[in-house]
Every structure is written in C-alpha cells, then in structure tokens.
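Trainee:
Number of protein chains: 2
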Amino acid sequence: MIDHTHDPAALSWVAAANDPATDFPLQNLPFCRFRERGSLAPWRIGVGIGDRILDLAGWGIDDLNALMGRPRAERVALRHRLFDALKAGAPEIPLLLQAQAEFALPCRIGDYTDFYTGIHHARAVGRLFRPDNPLLPNYQWVPIGYHGRSSSIVVSGTPIRRPRGQVKPPDADGPVFQPSARIDCELELGLFVGPGNALGQPFSIDEADDHAFGLTLLNDWSARDIQPWEYQPLGPFLAKNFGTTISPWIVTMEALEPFRLPFTRPPEDPQPLPYLDSPTHRAGAAYDIALEVWLQTTAMAAPTRLSRSNLRHAYWSLAQMLTHHASNGCNLQPGDLLGTGTISGPAPEEAGSLLELTAGGRQPVTLANGEQRTFLRDGDQLGLRAFAEKPGFRRLGFGPCDGVITAAV
Amino acid sequence: MIDHTHDPAALSWVAAANDPATDFPLQNLPFCRFRERGSLAPWRIGVGIGDRILDLAGWGIDDLNALMGRPRAERVALRHRLFDALKAGAPEIPLLLQAQAEFALPCRIGDYTDFYTGIHHARAVGRLFRPDNPLLPNYQWVPIGYHGRSSSIVVSGTPIRRPRGQVKPPDADGPVFQPSARIDCELELGLFVGPGNALGQPFSIDEADDHAFGLTLLNDWSARDIQPWEYQPLGPFLAKNFGTTISPWIVTMEALEPFRLPFTRPPEDPQPLPYLDSPTHRAGAAYDIALEVWLQTTAMAAPTRLSRSNLRHAYWSLAQMLTHHASNGCNLQPGDLLGTGTISGPAPEEAGSLLELTAGGRQPVTLANGEQRTFLRDGDQLGLRAFAEKPGFRRLGFGPCDGVITAAV
C-alpha cells in the first residue's frame, strides 16, 4: 500500500534525515537493536532516522520478535505513528546518535534458511563444476533452499575468523585439515519472517506477504575449498556455518512497497506450479533493490566497489520462498531468517561472489590500487550495501553489512 | 566415571524403579519437561524414576538449558544428589505418576544438526541411487552432517501430518505438487549439547565429552518421493522439515558411562584425521545402545517390531560429531541437538528405515498380522525404542518416541 508515508516531499525534524544521501529518510524507518556504545545497559529496540535512533522503549516495544508476530495491519499502523512522531513539525524528542550506539542482532533468529534464488549465480557456479549442464533440472521448478546455522549469525562489524577444515587436493589420496585458503563472500538479502504458521498448516501464495516482516543485508561467508569435499550428499555444512553477517537494520516490507516490480518469467521457461503462482503475485512480487559488494584491504584508505547487482534478478520471489518453505506444513516463526542466496546479475561483473568474479579462483581481480585478489586475505574488510531508489520516491538504504577476516587459530 | 551410582544392587524407595523391566531404575535418572496432564501449570523440569517423576522445581532447576550450560562436574554432582534422594532408605517425597503427566520438548533447541554416521544406512541408500559406487569418497574421512529444522521438532506423541510436496515422476516432463506417498521413519539418537564453545574457538577431541549432555531417541521423518527431486545441490529440505520426533527423556552421558566400547575402525579403512583421533577416544568413544523400530497399524491391537540395531554400528562417534562440528569455529550452544543419522546394522533386517527394509519400496515387508507395507499409511503409529544393557549393570531405557501419521490437508 503506497500511502503518504512514501511522499518524497515529507521531511523530518531530524535534519540528517532530509539529506538526499542518507540511508534513513523519514520514508524508511528501519528497526534495530541497540544500546549506548560501551554501556552495559539492556539492549533496546530502535528505529533509524537520519543519523539518529529513536528508542522504542517508551512505545512499549522491547522485543522485536513479539512485534514480528503481530498482524500486518498493526505493523502498518506503527509505521504511521512513527512517521507522525518524526515528521517536520512534530515535537522533538531525545534521540541517540548512531555513531554513539552499538548494535546487536535485531531479534532472536530461531531458524535460518538459505535459498538459492540467484539463477545467474546458480548457472555460473554450476558451470565451474558441470560445464555441460550448469543448471540442474529441478532449479526452475523448486525454490532450492537448505537450513543454515542460526548460532553463528553475527551483526555487521563482528570479525570473522578464518576457519580450518578438511580440504582434499585433487591429486592427494586423502584430505588435509588446514586453514581455508579460499574464503569468499556471498551477496544476499535476508527476509525476516512475521507471524508465520503453525506446524502442519501451510498458507497460500496470496497470504505470503502477511508473513514477510522486512529485509536485511546478509553475507553468507563461504570456504570454497572446504565446500566441494564435504557437500555431497547432504549439502554445505562447515563451509558455511563459521559465520554469517547481517546488517543491524531491518527495512520493513511496508517501506519497500514502492519498489515492487511485476514478477515474470521468460515464456520459454517452466512457469511456477499453481501453489507458487497467482495474478496478484505476478503483478508485483519482485523488488527493485540495488546491491553492492565493497572491499577494503589493509593497503587501502577507502573501500573499492567489486560488484553491483539487483534483487530483481532473483528467479524466485520472496513470497515464493515463504510459501514453498511452509508448503509441506513446516512452521515458520517470527524472527526466522530466509536468505535469498547469492544474487548475481546477468553480466560477469555483476557477480555476488569472488568464486564467480575470479572464474573459480583462476582469474584474479585487480583492485583500484593495483592489488590482486582471488579470495579474501586476513585483514580484508568486505562490505555489502543495498538501496532502493526510483523517480518520485526517496532513496532508502540498508546500512552496512561489514566483516573483516582474521587469522585462523 | 563408573561409581556407586551404577551399582546394580542399589535400590530406590520408588517400588517401580526396582522392577527389572523398567526404563528408569535408580541408575538412570533421565531429565524431562512436564506438567500435570490437562493442567495449565508452567512446565517444570523433572527426573524419571520408575513410573514417577521427581519435580526439580524445589531443587532450583527450572531451565534445562541453564543446567546444560554448567560444567560437567556439576552435572556429576547433581546425579549423586538425585541418587541419594531417591535411593532406598532416603525420606520419601511427593512424586507425580508419569501416567498423569504430559511432556514438552525438554529444552530450547537453538540449532539442530543431523549427521549421517550410520555407514550401513549410507551404503544401502547409496546402492539404491548409485549401484556401482554406493559410498561417496568423502564418507570415511568427513563426519557428514547438515543443518535440520529446529521449529518442527516435536515431542513423542505429537501427530505427524502427511506433507504435500513436489514429486517428479520419472517419465513426466515436470513435477506435480501432491501428498507424499512415501513417508518413512529414520532410527536415530539425538545428542544434546552441554556447555558448548564460543564462535571461533574449536575444542579438541579429548574435550568433546565435556560438551555432551545426554541422549534422546530421534525419528527423522522423511518423504522419500520429495527428497530425490529437491535435494540437489544443497541437501534435503522439505523432505525432512515437516516434523522430527524426539522422546521426552534425556538419558545423561553419566548414566551411559558403563556402556562405552572401544572406538575402532577396520584396519583397511582410512583412519580418522588427527583432530578426530586420540588414545582416550579410541579407548571408549563408542556406546552399546540397542535400538528398535516398532509399528502399529490401525488393524493391530499391539505394535510389532520392524527392526533392531545398535549405536555401536555408527561409523563416527558422538565425540567426533561434536569435535568436527566445532572444528571450523562454529559455536555449539547448550540445548543444541545433534542427530546421529539413521543407525542401521550390517544385516538387511537391521535397517533403520523403510527405504532400506523395502529395497527402495520395491519389496514390501509383511507384518505380523499379514498386512504389508512399503511406506507409512495414514493412521500408522511408528515408535522407536532404545535401551542399554550389560551383565553387571542395570538395564537403562530411553522411553517412547512415537508418532502417528495423519492425512494430508
């Protein structure tokens, strides 16, 4: 529903929210969990506005999972109340500078599932392993996904320790246990689940939006030398679960409403089965959200952009991810996190992982300062960024999703 | 440590605990979470003794996750205190009859991982898909595991709704979405994690026992017609996450101490890499725990046994599961659950799944009453049982792990 909270002319009494370059204008209002940096105060739920945070403790909101569990209409009503409290002319109230805050994971993530909706990523990775048959026969029928590890999801800024693991050199008889030499990023968005469903009770594709709370940036760190040896037949495990970074901010689906796009498939492709299809879904289940990968090595004074892509390239929609996940009766719960999988664009330079950008590690990328990289080195800081922009609307950003690689223990 | 709490001559003042056939003699003392059946009282932590439950509310224990997080020495000390309170001669205290109780999941299960340590199962299933190469090259080097779904883990007695899902008939161009026709059980034990480790801080194989709290029975319900279509390349997903049943009881590792066995590999097999091996581990990391599968159809007055196996057939130990899982720095947390995978014995009739017992659904099993089954029908009640027994010790049981299949919605 596009209403006055998306009016690009609406201004805030928080000056920085009116800066055209801010991630957090009055039209965004993303959630976070925060406290004063260095304090031992309890974590609180907040809303980002310009360079500040509105503390929701006084609003009776101290648990984002509880809010996620409420019906969509209540989330819309809260958005309107927040908008009214922060718009120009409303009485000013105390806010905390984001620069003075530290952030935690925004909610309790009961289960984390990672999908594989980036078809250009699936094709590019498949081509490295199966040149003649890059896309498996199920890919265009099933929204492929797998369960990830919840405990090792960390908030932006948390260092990522280089993992050790079993690596099998092609010419060796057996594997060796050693630090991974092929640490990679994966450019994803993560969808936080709203109310969800009871065990054994699926929902329809047209109900899916009720269960979508909001989006965060997500970096699915991957150890590319551990992955091929361990992943058959049950999928990735230790190659992934040493750490997953998300941004501190959840941009709500209500804020992203203006950036919907029709969901279409090339006519020559298999069309979605009826449980994953509807006229409403076709009309607007895709989203236009720009995605970027940035790298700063220890030799750089500022990060350099490695790649850019867009969520519109996803082969399966957020609503299809939700509907398929619950289609067998699996219960989704408030605060569960669904990763999109790596969203690479169609062009090689739009890839969302180093695996793709370097053709499996065979062609190093040359950085702005002349350095080269295949995979990440200790000290490298990898950052994801995302924003939605469109003529007639304010640009909305997602905040940072950063992590630095530290040496193996 | 085998101490006086394993003395087979020790008796309890609870008469039923002295019955040789009980699952819960004084030497067992398993944990559960319970309340009076039909009440709305808060769930409480209890200990099973004979046909009764000791309520631990008066012992200051109201959260099993907190207890799991304590050092092993405290768990041993608690076992001694419970033993002393329930042994013959100690003053009698009020207990609840198990028949008057209802049970919940014993703790909050943050993350659930399912391993694949049953080599006879892996070979038998592999043979169905790859007759010439049943065991993949990594199997004897890597303890294969994958992340499962926490939200759909239910306690024994919870009905299991037959899932719908995408099924691809071999001769069809595309899949159909329909109720699964191949619902199967998987005979497993589940290991509850004790204190665990911080992110980025692995532990050694000789520290693993400190992080093992206890075992429960686990049925990893599987939809065998959904699984082959969806599982490439990221592993099982909707074929598994519609429900996982565990028994209400956690039998502690302290109770199972007398049932340790040496952990050995055939000398012609690859031996474990150094991070998964030690003299202490070789001396006693396996366990002698008998496992059984029982089925009761709606035409039967009592269940019939389908299969029996033993945890000693696992190719990887519980300590290796823990150590490998954390070897890349992945953080294990109190209450996390690690399934062993299906533990089939070496003989065909010792298989822990219908998939194996029926040669992939091609050879129905004939039940005691003349009925036949390939996979489970609506109304079938499937139960797992386990016990440890050995001359010179009391027999310890695990309680029931039951579920009935209900019709698809």
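As they're listed, the protein sequences go chains A and B.
Residues in the first sequence are numbered consecutively from 545, following the numbering used here.
Residues in the second sequence are numbered consecutively from 545, following the numbering used here.
Ideal placement from N, C-alpha and C gives every residue a C-beta, glycine not left out.
Being a predicted model, the structure only gives us computed values, none of them experimental.
1) Taking the straight line between their C-alpha atoms, what separation do you get for Ala666 (chain B) and Pro714 (chain B)?
2) Enumerate in chain order the residues of its own chain whose CB-to-CB distance from Pro678 (chain A) is below 6 Å, with the five nearest sequence positions on each side excluded.
3) For the segment 917-929 of chain B, list every residue whose C-beta sits within 7 Å of some C-beta in chain A, in sequence order.
4) Any contact between the segment 743-754 of chain A and the segment 817-829 of chain A? By contact I mean 3 or more CB pairs, one from each, below 8 Å.
5) Suppose you measure from the CA of Phe568 (chain B) to the CA of Ile697 (chain B); what does that come to, to the nearest Å?
6) On a Cα-Cα basis, can you pick out the residue from B:Glu774, B:Gln722 and B:Leu866 that is closest to Ala951 (chain B)?
7) With DSSP as the reference, label Asn562 (chain B) as helix, strand or coil.
8) What does the alpha-carbon distance come out to for the pair Thr661 (chain B) and Phe942 (chain B)?
9) Could you tell me whether the segment 735-745 of chain A touches the segment 888-902 of chain A, where touching means 3 or more Cβ pairs closer than 8 Å?
10) Tell me which residues of the segment 864-878 of chain B have at least one Cβ-Cβ distance to chain A shorter than 8 Å, keeping chain order.
11) Which residues in chain A sit within 7 Å of Gln776 (chain B), going by Cβ to Cβ distance?
12) Beta carbon of Trp765 (chain A), beta carbon of Gln710 (chain A): below 8 Å?
13) Between the C-alpha atoms of Gly923 (chain A) and Ile949 (chain A), what's the straight-line distance to the nearest angstrom?
14) Could you name each continuous beta strand (DSSP E) segment of 3 residues or more that falls completely within the segment 589-617 of chain A, going from the start of the chain to the end?
15) Answer with buried or exposed for Ile546 (chain A), where buried requires no fewer than 16 other C-beta atoms within 10 angstroms of its C-beta.
16) Does the structure place the segment 856-867 of chain B close enough to the segment 591-598 of chain B that three or more beta carbon pairs sit under 8 Å?
17) Does any C-beta atom of chain B lie closer than 8 Å to the C-beta of Ser556 (chain A)?
18) Strictly below 7 Å CB to CB, what residues from chain A border Arg705 (chain B)?
19) Once DSSP output is grouped into helix, strand and coil, what is the label at Pro847 (chain A)?
20) Examine the Cβ distances between the segment 791-803 of chain B and the segment 571-582 of chain B and report whether three or more of them are shorter than 8 Å.
21) Less than 8 Å between CB atoms is the rule here; does Pro811 (chain B) satisfy it with respect to chain A?
22) Against chain A, does Gly905 (chain B) count as a neighbour if the rule is that its beta carbon must be under 8 Å from one of theirs?
23) Tell whether a beta-carbon distance below 8 Å holds between Val558 (chain B) and Leu639 (chain B).
24) What is the rounded straight-line gap between the Cα of Arg623 (chain B) and the Cα of Arg581 (chain B)?
25) In this structure, how does DSSP classify Ile663 (chain A) when only helix, strand and coil are distinguished?
26) If you reduce the DSSP assignment to three classes, tell me which class Trp838 (chain A) lands in.
27) Buried or exposed: Arg619 (chain B), going by 16 or more other Cβ atoms within 10 Å of its Cβ?
28) Would you decide whether Ile887 (chain B) is buried or exposed? Buried here means 16 or more other CB atoms lie within 10 Å of its CB.
29) Taking the Cβ atom as the reference point for each residue, do Pro878 (chain A) and Val737 (chain A) lie within a distance shorter than 8 Å?
30) Whose Cβ in chain B lies nearer than 8 Å to the Cβ of Ser695 (chain A)?
31) So with CB distances below 8 Å, who are the chain A contacts of Val686 (chain B)?
32) By alpha-carbon positions, which one of A:Asp655, A:Met612 and A:Tyr690 ends up nearest to Phe757 (chain A)?
33) Based on the DSSP output, what are the partners of Gln916 (chain A) in its beta bridges?
34) Apply the 10 Å Cβ neighbour rule to Thr566 (chain A) and answer buried if 16 or more other Cβ atoms are within range, or exposed otherwise.
35) Name the chain A residues whose beta carbon is nearer than 7 Å to that of Gly779 (chain B)?
36) Just checking: is the beta-carbon of Tyr660 (chain A) within a distance shorter than 8 Å of some beta-carbon in chain B?
Mentor: Per the coordinate set shown:
1) Sequence index remark: in the second sequence, residue 666 (chain B) carries index 122 (1-based). Sequence index remark: in the second sequence, residue 714 (chain B) carries index 170 (1-based). The straight-line gap from Cα to Cα measures roughly 23 Å.
2) Looking up residue 678 (chain A) in the first sequence gives position 134. Correct list, in chain order: Arg667, Gly670 and Arg671.
3) none
4) yes
5) Looking up residue 568 (chain B) in the second sequence gives position 24. Looking up residue 697 (chain B) in the second sequence gives position 153. About 24 Å.
6) Position 407 of the second sequence, counting from 1, holds the residue named residue 951 (chain B). Out of B:Glu774, B:Gln722 and B:Leu866, B:Gln722 has the C-alpha closest to the C-alpha of Ala951 (chain B).
7) Counting from 1 along the second sequence, the entry for residue 562 (chain B) is found at position 18. Helix, per DSSP.
8) As a working note, residue 661 (chain B) is residue 117 in the second sequence. As a working note, residue 942 (chain B) is residue 398 in the second sequence. Their backbone Cα atoms lie some 20 Å apart in a straight line.
9) no
10) His868, His869, Ser871, Asn872, Gly873, Cys874, Asn875, Leu876 and Gln877
11) Residue numbering aside, residue 776 (chain B) sits at position 232 when the second sequence is read from its first letter. Per Cβ cutoff of 7 Å: Leu680 and Asn682.
12) Numbered from its first residue, the first sequence carries residue 765 (chain A) at position 221. Numbered from its first residue, the first sequence carries residue 710 (chain A) at position 166. No, they are not a contact pair.
13) On the first sequence, position 379 is the one that residue 923 (chain A) refers to. On the first sequence, position 405 is the one that residue 949 (chain A) refers to. So the two alpha carbons sit approximately 5 Å from each other.
14) 596-599
15) Locating residue 546 (chain A) in the first sequence gives position 2, counting from the first residue. Exposed, because fewer than 16 other Cβ atoms sit within 10 Å of the Cβ of Ile546 (chain A).
16) no
17) To locate residue 556 (chain A), count along the first sequence from 1; it is residue 12. With 8 Å as the cut-off, Ser556 (chain A) does not count as an interface residue toward chain B.
18) For the purposes of this step, residue 705 (chain B) is taken as residue 161 along the second sequence, with counting starting at 1. Correct list: Gly744 and Gly873.
19) Looking up residue 847 (chain A) in the first sequence gives position 303. Of the three classes helix, strand and coil, the one that applies to Pro847 (chain A) here is coil, per DSSP.
20) yes
21) If you number the second sequence from 1, residue 811 (chain B) lands on position 267. Pro811 (chain B) does not count as touching chain A.
22) For the purposes of this step, residue 905 (chain B) is taken as residue 361 along the second sequence, with counting starting at 1. So, not an interface residue.
23) Taking the second sequence and counting its residues from 1, one reaches residue 558 (chain B) at position 14. Taking the second sequence and counting its residues from 1, one reaches residue 639 (chain B) at position 95. Yes.
24) For the purposes of this step, residue 623 (chain B) is taken as the residue at position 79 of the second sequence. For the purposes of this step, residue 581 (chain B) is taken as the residue at position 37 of the second sequence. Approximately 27 Å between the Cα atoms of the pair.
25) On the first sequence, residue 663 (chain A) is found 119 positions in, with the first residue counted as 1. Reduced to three states, the DSSP call for Ile663 (chain A) is helix.
26) Counting from 1 along the first sequence, the entry for residue 838 (chain A) is found at position 294. Note: Trp838 (chain A) maps to strand in three-state DSSP.
27) In the second sequence, the residue the question calls residue 619 (chain B) occupies position 75. It counts as buried.
28) The residue labelled residue 887 (chain B) in the question sits at position 343 within the second sequence. Classification for Ile887 (chain B): buried.
29) The residue labelled residue 878 (chain A) in the question sits at position 334 within the first sequence. The residue labelled residue 737 (chain A) in the question sits at position 193 within the first sequence. Contact flag set, yes.
30) Position 151 of the first sequence, counted from the first residue, corresponds to residue 695 (chain A). Neighbours of Ser695 (chain A) on chain B, chain order: Gly654, Asp655, Leu743, Cys874, Asn875, Leu876, Gln877 and Asp880.
31) For the purposes of this step, residue 686 (chain B) is taken as the residue at position 142 of the second sequence. Gln710, Pro719, Trp773 and Glu774, listed in chain order.
32) Residue mapping note: residue 757 (chain A) aligns to position 213 of the first sequence, counting from 1. Ranking the options by Cα distance to Phe757 (chain A), first place goes to A:Met612.
33) Residue 916 (chain A) sits at position 372 when you count from the first residue of the first sequence. Looking at the DSSP assignment, Gln916 (chain A) forms a beta bridge with A:Thr910.
34) Here residue 566 (chain A) is taken as the residue at index 22 of the first sequence, counted from 1. Buried.
35) Looking up residue 779 (chain B) in the second sequence gives position 235. Those within 7 Å of Gly779 (chain B) in chain A are Tyr690, Leu778 and Gly779.
36) Sequence index remark: in the first sequence, residue 660 (chain A) carries index 116 (1-based). Closer than 8 Å: yes.
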